[in-house]
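Q:
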Amino acid sequence: MDRTTVRIKAVYSQLDCLLTGVDRLKKADISGFTVQAPLPRHEIEDIMYEGRPSNVRWWTLTGAMLGVTIGFLLPALTHATWPMINPGGKPVVAVVPFTVIMFECTILFGALFTFAGLLFHSGLPGFWLDRSLKDPRMTDASFGITFTAARPKDSERITELLQQTGALEVTTGDETIYEVPNV
Amino acid sequence: MALIEVIDQNDPGKPNRPATYQESNRDIIRVLLNPTLLHSAAVLIAVVAMAIGGWAWYQQITWGMGVAGITHPTMWGVYIVTFVFWIGIGHAGTLISAILFLVRSRWRTGVYRASEAMTVFAVMTALLFPVLHLGRCWQAYWFFPYPNQRQLWMNFKSPLMWDVFAISTYFTVSAVFFYVGLLPDIAVFRDHSRGLVKRVYGLLCLGWRGTHKQWHAYMGAYGFFAAFAAPLVLSVHSVVSWDFAMAPTAGWHSTIFPPYFVAGAIFSGCAMVISLLLPMTLLFKWDKYVNTWHFENLAKMCLLTSGILTYAYATEYFVGWYSQNPYEQSIFFWRADPGADYGWAFWLMVFCNCIAPLAWYNKWMRTHPAPLFIIAAIVNVGMWMERFNIVVSSIAHNFDPATWWTYYPSLVEWGILVGSAGWFSFWFLLFAKTFPAVAITEIKEMVAPPVKGSLEA
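In structure tokens form, the structure reads like this:
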């Protein structure tokens, strides 16, 4: 973390309090925070993304289009290169039997590209995330709003704002790093 | 028994739902903490079964393919029958995880993770069979079409080549879909473990932290995976059926095969889910998450697909009779002749797949563990017999009477069959003990979110 910035974290046990916190930050024109939740909630998506769908879909489309192209070119070029096999009097480049290969490749490449898109847009692997985000409570039952690099001059305003939203705790600096005794 | 209890039919999941997020975490994590004697015994049985399979394979490698019962004209025997059986078993997993996700079916939540695991392990088992059937397994690299220095002249117009693409795609997509669903749940396991185990779970979940970016991309991707996997379920067993239906062999060459195979695959898969989850539910005390509601729905799925199969069997005979094709009529009437070589196999199949499941029309029979388990086991036997009937009888009784031959599996082939069941069970048991076999995240979605009641946003 840049030494000129500060970490701030609010932990919530209630979803509506978390949403209130996010809403107030947005209304105060404060950005640069991460929301954490133990499950996907459409309320969080709605408030953070305002209905914008994930860009993973473009990866899916690219993969599927690439797949259908490969699914045609692989058998077509193979048969054109070695044109000796002509079973059942079918043409060398026979579109109907190749449709099965095209279909399978569309699914295969579409799914693999979707996985790549998921990794890219979600920032996975996330081993290098800031330590304040590595809070085991966030996979258990708590929600969180975390600033990993807030400007020091904003920290007091953000802390005060978050404290008014029903957070269980609001911590700053190294106190945001939560380490539980192992279960 | 805790598994069976009176449930509210208006909201069947309700009585068994956990009250809080912590409770669902705690219940599923408990699996890690309680190694039981029963589980260890089950693993031991699976290992013994694998050892039997290993012994059989060793015999085959040492003495050659002659120790297997397959010979001309029945060159496809137990290995292909079992291969198709395991591919079919996988289908219910994808159906439950993908198709039921797309139609927002609520009962999938408790059972889909175990079903997905079953899919992946069943396809892993099926993938052994091309190598086993090859005989000279050390030359398995000849399966790969490229590079072509071996002058393979691979034929993309052949259903066998389509099958390679269909099954490898199915395995890859199922495995990725399965892994993506596991990511947030492995993160829960990581945060409740320590030491080396924590590091391993940490690596496997790719450092998942439940940030809004992660959930947004996850939900976007998950829908696409489901949308890809749904047509894949229908296509894979259609392509497997074309391995047979595209050949001009009487008894195989039928346009009814793709829907007939897909229905059969889902039928056997749902029965296998019942067979696996019933003991697991009792063993790991998952009754809060997997209960009568789920098993009853699985039994109903079996009833539906059993009806489709029965209709398909009848249609095959009608088409055989109506076609007036002597070869077609010959094979179908011979198959059903109780005095013929495989008459017993045909009637066993009819009993297991068409008659025994009818018991599930009775509510008591589909809501109590003993009848559920017994009928599901009968269905599994029946579906193996169905593939045996299709694969073996058609080629044992082909166009040329001079080549007719009665094939019975050898001890080595039975050994390989037992070994494959051991291999499948071993992976499933291991998975159930080390990973969340009930989807924690989706269970949490069924819990009412904690709220204070002061929502401004």
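Residue numbers (the numbering used here), protein chains in the order written: chain C, -11 to 171; chain X, 38 to 494.
Note that the Cβ used here is the ideal one computed from N, Cα and C, for glycine as well.
On a predicted model such as this, the values are computed, not experimentally measured, just so you know.
If you run the structure through DSSP and keep just helix, strand and coil, what is Phe281/X?
A: Against the second sequence, residue 281/X aligns to sequence position 244. The answer is helix: DSSP assigns Phe281/X an H, G or I state.
Q: Give me whichever residues DSSP pairs with Tyr0/C in a beta bridge.
A: Translated into the one-based positions of the first sequence, residue 0/C becomes position 12. Looking at the DSSP assignment, Tyr0/C forms a beta bridge with Phe131/C.
Q: In this structure, how does DSSP classify Gly141/X when only helix, strand and coil are distinguished?
A: Sequence index remark: in the second sequence, residue 141/X carries index 104 (1-based). Here residue 141/X turns out to be Arg, not Gly, going by the sequence shown. Arg141/X falls in the coil class under three-state DSSP.
Q: By DSSP, does Thr209/X sit in helix, in strand, or in coil?
A: Position 172 of the second sequence, counting from 1, holds the residue named residue 209/X. Looking at Thr209/X - three-state DSSP - the assignment turns out to be helix.
Q: Of all the options Pro473/X, Phe468/X, Ser462/X, which has the alpha carbon lying nearest to the alpha carbon of Leu81/X?
A: As a position in the second sequence, residue 81/X is number 44, starting the count at 1. Selected option, being the one with the closest Cα: Ser462/X.
Q: Could you give the first and the last residue of the continuous beta strand (DSSP E) run that contains Thr22/C?
A: On the first sequence, position 34 is the one that residue 22/C refers to. Residues 22 to 24.
Q: Could you check the C-alpha separation between Met386/X and Gly357/X for me, to the nearest Å?
A: For the purposes of this step, residue 386/X is taken as the residue at position 349 of the second sequence. For the purposes of this step, residue 357/X is taken as the residue at position 320 of the second sequence. If you take the alpha carbons of Met386/X and Gly357/X, they lie about 19 Å apart.
Q: Tell me whether Leu26/X is buried or exposed, calling it buried when 16 or more other Cβ atoms sit within 10 Å of its Cβ.
A: The first residue shown for chain X is 38 and the last is 494, placing residue 26/X beyond what the model contains.
Q: Determine the direct distance from the alpha carbon of Gly132/C to that of Tyr58/X, and round the result to whole angstroms.
A: What you label residue 58/X is simply residue 21 of the second sequence in a count that begins at 1. What you label residue 132/C is simply residue 144 of the first sequence in a count that begins at 1. Whole-angstrom Cα-Cα distance: 15 Å.
Q: Between Ala79/X and Thr73/X, what straight-line distance do the alpha-carbon atoms span, to the nearest angstrom?
A: What you label residue 79/X is simply residue 42 of the second sequence in a count that begins at 1. What you label residue 73/X is simply residue 36 of the second sequence in a count that begins at 1. Computed Cα separation, rounded: 10 Å.
Q: Please name the residue in Phe355/X, Ile66/X, Phe193/X whose C-alpha comes closest to that of Gln88/C.
A: Stepping through the first sequence from its first residue, residue 88/C is reached at position 100. According to the sequence displayed, residue 88/C carries Val and not Gln. Comparing Cα-Cα distances from Val88/C to each of Phe355/X, Ile66/X, Phe193/X, the minimum goes to Phe193/X.
Q: Could you check the C-alpha separation between Ser343/X and Thr404/X for me, to the nearest Å?
A: Sequence index remark: in the second sequence, residue 343/X carries index 306 (1-based). Sequence index remark: in the second sequence, residue 404/X carries index 367 (1-based). Their backbone Cα atoms lie some 18 Å apart in a straight line.
Q: Using the beta-carbon of each residue, which ones in chain X are nearer than 8 Å to Ile89/C?
A: Residue 89/C sits at position 101 when you count from the first residue of the first sequence. Result: Phe193, Met198, Trp199, Phe202.
Q: Would the beta-carbon of Gly9/C fall within 8 Å of that of Leu150/C?
A: Locating residue 9/C in the first sequence gives position 21, where the first residue counts as 1. Locating residue 150/C in the first sequence gives position 162, where the first residue counts as 1. Against a cut-off of 8 Å, the Cβ pair of Leu150/C and Gly9/C comes out as a contact.
Q: Is the distance from the Cβ of Ser120/C to the Cβ of Ile165/C below 8 Å?
A: If you number the first sequence from 1, residue 120/C lands on position 132. If you number the first sequence from 1, residue 165/C lands on position 177. Going by C-beta atoms, Ser120/C is nearer than 8 Å to Ile165/C.
Q: Please say whether Gly105/C and Thr48/C have beta carbons closer to each other than 8 Å?
A: Translated into the one-based positions of the first sequence, residue 48/C becomes position 60. Translated into the one-based positions of the first sequence, residue 105/C becomes position 117. In this structure, Thr48/C lies near Gly105/C, with their beta-carbon atoms less than 8 Å apart.
Q: Counting only beta-carbon atoms, is Ala99/C nearer than 8 Å to chain X?
A: Counting from 1 along the first sequence, the entry for residue 99/C is found at position 111. Yes, Ala99/C counts as interfacial toward chain X.
Q: Could one say the Cβ of Glu482/X lies closer than 8 Å to chain C's Cβ atoms, at least one of them?
A: Residue 482/X sits at position 445 when you count from the first residue of the second sequence. Yes, Glu482/X lies at the interface with chain C (some Cβ there is under 8 Å from its Cβ).
Q: Check whether the Cβ atoms of His32/X and Gly306/X sit closer than 8 Å, and answer yes or no.
A: Residue 32/X is absent from the structure shown; chain X starts at 38 and stops at 494.
Q: By the criterion of Cβ-Cβ separation under 8 Å, what are the contact partners of Met53/C in chain X?
A: Taking the first residue of the first sequence as 1, we reach residue 53/C at position 65. By Cβ distance, chain X contributes nothing, its closest Cβ being about 14 Å from Met53/C, past 8 Å.
Q: Comparing the C-beta of Arg139/C with each C-beta of chain X, is any distance below 8 Å?
A: Within the first sequence, residue 139/C is the residue found at index 151, counting from 1. Residue contact with chain X for Arg139/C: absent (no Cβ-Cβ distance below 8 Å to any residue of chain X).
Q: Run through chain C and tell me which residues come within less than 7 Å of Val299/X, C-beta to C-beta.
A: By one-based count along the second sequence, residue 299/X stands at place 262. Correct list: empty, because the minimum Cβ distance to chain C is about 15 Å.
Q: Would Val160/X pass as a contact of Ile124/X if the rule is Cβ separation under 8 Å?
A: If you number the second sequence from 1, residue 160/X lands on position 123. If you number the second sequence from 1, residue 124/X lands on position 87. Result yes, Cβ atoms of Val160/X and Ile124/X sit closer than 8 Å.
Q: Taking its Cβ as the centre, do 16 or more other Cβ atoms sit within 10 Å of Ala39/X, making it buried, or is it exposed?
A: Position 2 of the second sequence, counted from the start, is the residue given in the question as residue 39/X. Annotation note: pLDDT 34 at Ala39/X (below 50); position unreliable, coordinate value reported separately. Counting Cβ neighbours within 10 Å, Ala39/X comes out exposed, since fewer than 16 surround it.
Q: Return the Cβ separation of Thr206/X and Leu96/C in integer angstroms, given the expectation that the two are a contact with Cβ distance under 8 Å.
A: Counting from one through the second sequence, the residue named residue 206/X turns up at place 169. Counting from one through the first sequence, the residue named residue 96/C turns up at place 108. The Cβ separation is near 4 Å, so the contact holds.
Q: Identify every run of the alpha helix (DSSP H) within the region 142 to 217 of chain X, keeping only runs that are complete inside it and at least 4 residues long; order them along the chain.
A: 145 to 163, 165 to 171
Q: So Ser152/X packs on Val299/X, CB below 8 Å; how close in whole Å?
A: Numbered from its first residue, the second sequence carries residue 152/X at position 115. Numbered from its first residue, the second sequence carries residue 299/X at position 262. The Cβ separation is near 16 Å, so there is no contact.
Q: Any C-beta of chain C within less than 9 Å: which residues of the region 381 to 399 of chain X qualify?
A: none
Q: At the 8 Å Cβ level, is Pro486/X part of the contact set with chain C, yes or no?
A: Position 449 of the second sequence, counted from the start, is the residue given in the question as residue 486/X. For Pro486/X, the closest Cβ of chain C is nearer than 8 Å.
Q: With distances taken between CB atoms, is the gap from Leu243/X to Gly114/C smaller than 8 Å?
A: Reading the second sequence from its first residue, position 206 is the one you call residue 243/X. Reading the first sequence from its first residue, position 126 is the one you call residue 114/C. For Leu243/X and Gly114/C, yes; Cβs fall inside 8 Å.
Q: What do you get for Phe431/X, buried or exposed, if any count of 16 or more other CB atoms within 10 angstroms of its CB means buried?
A: For the purposes of this step, residue 431/X is taken as the residue at position 394 of the second sequence. Per the sequence presented here, residue 431/X reads as Ser, with Phe not at that position. Result: buried.
Q: With C-beta atoms as the reference, is Ser278/X less than 8 Å away from Phe294/X?
A: By one-based count along the second sequence, residue 278/X stands at place 241. By one-based count along the second sequence, residue 294/X stands at place 257. Yes, Cβ-Cβ distance for Ser278/X and Phe294/X is below 8 Å.
Q: Name the two residues that bound the continuous beta strand (DSSP E) containing Thr159/C.
A: In the first sequence, the residue the question calls residue 159/C occupies position 171. Taken as a continuous stretch (DSSP letters only), the beta strand (DSSP E) holding Thr159/C covers 157 to 160.
Q: Between Val44/C and Arg141/X, what straight-line distance do the alpha-carbon atoms span, to the nearest angstrom?
A: On the first sequence, position 56 is the one that residue 44/C refers to. On the second sequence, position 104 is the one that residue 141/X refers to. Rounded to whole angstroms, Val44/C to Arg141/X spans 21 Å at the Cα level.
Q: Cα-Cα, which of Trp451/X, Ser134/X, Trp421/X is closest to Val118/X?
A: What you label residue 118/X is simply residue 81 of the second sequence in a count that begins at 1. Comparing Cα-Cα distances from Val118/X to each of Trp451/X, Ser134/X, Trp421/X, the minimum goes to Trp421/X.
Q: Does any residue of chain C have a CB that is nearer than 8 Å to the CB of Asp64/X?
A: The count along the second sequence starts at 1 and reaches residue 64/X at position 27. So no, Asp64/X is outside the interface.
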